[in-house]
Amino acid sequence: MPNSLNKLIKNRLFWLVLFSISLLSILFAIFLQNFKLIYPCLYCVYERVAVIGIALITFTLIFLVRQKK
649 MPNSLNKLIK NRLFWLVLFS ISLLSILFAI FLQNFKLIYP CLYCVYERVA VIGIALITFT
709 LIFLVRQKK
């Protein structure tokens, strides 16, 4: 694994940004569904479940990754 990628994975800020992006995409999908009345297709529901899984994994990794001092 390249050194720069290894540093990125061990950085807590990387996981926080990934969690924020996934959370914002879920909130945007809920906004479109409830306020704009754009109902998702079945494939969109599968994608939303996958993004929720990514959000849960990154949320746990935020607390598991230790910052270097």
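Add 648 to a position in the sequence shown, counting from 1, and you land on the number used in this note's numbering. Just so you know, even glycine gets a beta-carbon here, dropped at the ideal spot from N, CA and C.
In this structure, DSSP gives Tyr694 a helical state, which the three-state scheme calls helix. When C-beta atoms of the segment 680 to 694 are compared with those of the segment 653 to 660, fewer than three pairs fall below 8 angstroms, so the two segments do not count as touching. It is roughly 12 angstroms from the alpha-carbon of Ala677 to the alpha-carbon of Tyr694.
In this structure, Ser668 lies away from Val699, with their beta-carbon atoms at least 9 angstroms apart.
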